[in-house]
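**Q** Numbering (the working numbering), first residue to last: 213 to 527.
Glycine included, each C-beta is placed from N, C-alpha and C at the ideal position.
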Amino acid sequence: MKKLAVVALGGNALLRGDQKGTIDEQELNAYETSERLLVLIKEKQYNLVVTHGNGPQVGNLLLNNSAGNKLFGLPEMPLDICVAYSQGFIGYVIEQQLRNVLLHNDLDRDILTIITQVLVNKDDKAFKNPTKPIGPFYSKEEANKIIEETGAQFAEDPRGRGWRKVVASPKPLVINNKKSIEKIAREGTIVVAVGGGGIPVFYKEENILQGIDAVIDKDLASALLAAQINADKLFILTDVPKVCINYNTPQEKALDRLSIADAKKYLKEGHFAEGSMAPKIRAAIYFVEHSGKDAIITKTTKLGVDDGGTRVVMV
Ligand code: ADP
Ligand code: MG
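Encoded structure:
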């Protein structure tokens with residue numbers, strides 16, 4: 213039986229900070245990223261589940277939302293709907309470009325995007341203290357108006373660009389379609405799932421599922437999925453070849469291997485920046501602790517390279 217891997221694509225895999233976000237850019241990035249996955253598909257013979265972020269894309273959707281509302285009075289869609297839009301859009305682009313890469317390499321595999329809901333708890337303490345800034349910047353007056361109308365929470369941007377809505381980033385608890393994801397992936401279809409960390413949903417009452425204004429960390433959701441579908445490996449792809457301690461200092465040291473105990477110690481000591489490397493380390497710890505398997509944090513171009521990446525291991 214083929215081994216199963218979950219590959220979490222970071223921001224740069226689809227859209228870089230210095231790009232505008234045109235569809236040509238995103239298609240080209242998706243093609244190049246898909247080419248890098250060939251080593252896992254062809255040489256390492258993995259069955260694959262691909263997960264991805266949606267930060268820039270959902271940011272643009274929220275801007276569309278507010279422009280459509282201002283200009284045409286269109287009703288604004290809540291964040292869960294925007295995450296669903298972004299999963300469909302990004303899944304489509306990945307499916308198409310990955311299909312092109314497979315065709316150009318004489319490989320025959322199906323690819324399927326699954327719009328994925330992820331269960332969170334409405335009592336998660338993240339809802340009492342929303343910290344994740346999303347969407348457009350507003351003036352203080354505009355922000356106050358929205359706060360009055362909707363009860364949303366806003367925070368001032370530390371870089372002085374204005375006021376921005378902040379939402380909770382609750383812990384993912386259950387990946388709703390995990391059985392189908394595992395079954396289809398083990399049959400050899402490449403599955404694209406939990407885009408943007410998944411659409412956050414909660415039980416409003418015992419039998420009433422509903423979307424909620426929040427965003428789920430994509431690395432944590434990917435690790436949860438990987439553990440829940442018994443994956444053999446979790447690859448977290450980002451834009452650095454290895455995890456470092458003393459990052460960006462003269463004492464910087466890239467790590468080939470990182471035990472769970474050391475990872476926890478370094479997290480406490482503040483070696484990993486919040487909002488960037490820290491969630492990836494937490495995700496890797498979660499997967500390794502729950503599966504007994506290894507997680508790899510690296511850059512797309514280092515996939516399959518012998519000493520490429522940082523291997524997070526049990527001991
Ligand atoms: P994503 O690729 O999912 O978008 P981020 O850009 O949020 O991920 O996080 C990756 C970034 O984390 C790297 O580009 C790097 O600058 C930063 N980083 C912070 N701390 C470290 C560390 N200790 N070692 C390596 N990279 C780190
Ligand atoms: Mg990034």
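1. Figure out for me which residue from 282, 251, 326 has the closest Cα to the Cα of residue 317.
2. Taking the runs of the beta strand (DSSP E) that are 3 residues or longer, which of them lie wholly in the segment 325-378?
3. Determine the extent of the alpha helix (DSSP H) in which residue 303 is found, giving its start and end residues.
4. Looking only at its own chain, which residues have a Cβ that is under 6 Å from the Cβ of residue 503, when we skip the five neighbours before and after it?
5. Are the segment 383-390 and the segment 243-259 in contact at 8 Å, needing three or more beta carbon pairs?
6. Let's see if you can read the secondary structure: which residues bound the beta strand (DSSP E) around residue 263?
7. Judging by CA-CA distance, which residue of 431, 520, 490, 380 is the nearest neighbour of residue 337?
8. How is the alpha helix (DSSP H) around residue 268 delimited, first residue to last?
9. Using only Cβ atoms and a threshold of 6 Å, which residues come within that distance of a heavy atom of the ligand ADP? Order them by chain position.
10. If you reduce the DSSP assignment to three classes, tell me which class residue 422 lands in.
11. Less than 7 Å between the C-beta atoms of residue 441 and residue 399, yes or no?
12. In angstroms, rounded to a whole number, what distance separates the CA positions of residue 520 and residue 509?
13. Can you tell me whether residue 303 is buried or exposed? The criterion is at least 16 other CB atoms within 10 Å of its CB, across all chains shown.
14. Of all the options 240, 229, 257, which has the alpha carbon lying nearest to the alpha carbon of residue 268?
15. Compare the beta carbon distance of residue 397 and residue 495 with 7 Å and say whether it is the shorter of the two.
16. Any idea if residue 220 is buried or exposed, counting beta-carbon neighbours within 10 angstroms, 16 or more meaning buried?
17. In chain order, what residues of the same chain have a beta carbon less than 7 Å from the beta carbon of residue 231, not counting five sequence neighbours either side?
18. For a quick check, are the C-beta atoms of residue 239 and residue 299 less than 7 Å apart?
19. Which of the three DSSP states is assigned to residue 522 in this structure?
20. I need the boundaries of the alpha helix (DSSP H) containing residue 452, first residue and last residue.
21. Quick check on this structure: which residue in 342, 364, 357, 368 has the alpha carbon closest to the alpha carbon of residue 533?
22. Can you tell me which residues form a DSSP beta bridge with residue 287?
23. With DSSP as the reference, identify every bridge partner of residue 466, one or two as the case may be.
24. Can you name the start and end residues of the beta strand (DSSP E) that residue 220 belongs to?
25. Between 433, 454, 462, which lies nearest to residue 261 when the distance is taken from Cα to Cα?
26. Taking only three categories from DSSP, how would you classify residue 446?
27. Pick from 233, 335, 324: whose alpha carbon is nearest that of residue 224?
28. Does DSSP put residue 405 in a helix, in a strand, or in coil?
29. Please state if the CB of residue 376 and the CB of residue 342 are separated by a distance shorter than 7 Å.
30. First and last residue of the beta strand (DSSP E) that includes residue 413?
31. Could you please give me the residues that DSSP links to residue 503 through a beta bridge?
32. Helix or strand or just coil, what does DSSP make of residue 434?
**A** Taking the coordinates as given:
1. Numbered from its first residue, the sequence shown carries residue 317 at position 105. It is 251 whose Cα lies nearest to the Cα of residue 317.
2. 329-331, 344-350, 365-368
3. Taking the first residue of the sequence shown as 1, we reach residue 303 at position 91. Start and end: 291-316.
4. Here residue 503 corresponds to residue number 291 of the sequence shown, with the count starting at 1. Excluding residues within five positions, the ones whose Cβ falls inside 6 Å are 439.
5. no
6. Numbered from its first residue, the sequence shown carries residue 263 at position 51. 258-264 is the span of the beta strand (DSSP E), which, as asked, contains residue 263.
7. The count along the sequence shown starts at 1 and reaches residue 337 at position 125. Residue 380 is the option with its Cα nearest to residue 337.
8. Stepping through the sequence shown from its first residue, residue 268 is reached at position 56. Run containing residue 268: 267-284, per the alpha helix (DSSP H) assignment.
9. Chain order is used for the residues whose beta-carbon lies nearer than 6 Å to a heavy atom of the ligand ADP, namely 222, 223, 224, 265, 450, 451, 452, 455, 456, 459, 483, 484, 485, 488, 489.
10. Reading the sequence shown from its first residue, position 210 is the one you call residue 422. DSSP places residue 422 in strand when its eight states are reduced to three.
11. Here the question's residue 441 lines up with position 229 in the sequence shown. Here the question's residue 399 lines up with position 187 in the sequence shown. Result no, Cβ atoms of residue 441 and residue 399 do not sit closer than 7 Å.
12. Walking along the sequence shown from the start, residue 520 turns up at place 308. Walking along the sequence shown from the start, residue 509 turns up at place 297. Looking at the two C-alpha atoms, the distance is approximately 9 Å.
13. Start at 1 with the first residue of the sequence shown, and residue 303 comes out as number 91. Residue 303 comes out buried.
14. Along the sequence shown, read from residue 1 onward, the residue named residue 268 stands at position 56. It is 229 whose Cα lies nearest to the Cα of residue 268.
15. The residue you call residue 397 lines up with position 185 of the sequence shown. The residue you call residue 495 lines up with position 283 of the sequence shown. Not in contact: residue 397 and residue 495 (Cβ atoms no closer than 7 Å).
16. The sequence position of residue 220 within the sequence shown is 8, counting from 1. Counting Cβ neighbours within 10 Å, residue 220 comes out buried, since at least 16 surround it.
17. Position 19 of the sequence shown, counting from 1, holds the residue named residue 231. Same-chain partners within the cutoff: 237.
18. Working through the sequence shown from its first residue, we reach residue 239 at position 27. Working through the sequence shown from its first residue, we reach residue 299 at position 87. The answer is no: Cβ separation not under 7 Å.
19. Counted from its first residue, the sequence shown places residue 522 at position 310. Residue 522 falls in the strand class under three-state DSSP.
20. For the purposes of this step, residue 452 is identified with residue 240 of the sequence shown, where counting begins at 1. Premise fails: residue 452 is in no alpha helix (DSSP H) and is neither H nor E.
21. Residue 533 lies beyond the stretch modelled for the chain, which goes from 213 to 527, so this question has no answer here.
22. As a first step, residue 287 must be located in the sequence shown, where it is residue number 75. None; residue 287 has no bridge partner.
23. Working through the sequence shown from its first residue, we reach residue 466 at position 254. For residue 466, which the question treats as bridged, DSSP gives the partners 456.
24. Your numbering for residue 220 matches position 8 in the sequence shown. Where residue 220 is concerned, the enclosing beta strand (DSSP E) starts and stops at 215-221.
25. By one-based count along the sequence shown, residue 261 stands at place 49. The option with the nearest alpha carbon to residue 261 is 433.
26. Counting from one through the sequence shown, the residue named residue 446 turns up at place 234. In the three-state reduction of the DSSP assignment, residue 446 falls in the strand class, which pools E and B.
27. Translated into the one-based positions of the sequence shown, residue 224 becomes position 12. If we check each option's Cα against that of residue 224, 233 comes out closest.
28. Locating residue 405 in the sequence shown gives position 193, where the first residue counts as 1. The answer is coil: DSSP assigns residue 405 none of H, G, I, E or B.
29. Position 130 of the sequence shown, counted from the start, is the residue given in the question as residue 342. Position 164 of the sequence shown, counted from the start, is the residue given in the question as residue 376. Contact flag unset, no.
30. For the purposes of this step, residue 413 is identified with residue 201 of the sequence shown, where counting begins at 1. Per DSSP, residue 413 belongs to the beta strand (DSSP E) from 411-417.
31. The sequence position of residue 503 within the sequence shown is 291, counting from 1. Partner(s): none; residue 503 has no beta bridge.
32. On the sequence shown, residue 434 is found 222 positions in, with the first residue counted as 1. Residue 434 falls in the helix class under three-state DSSP.
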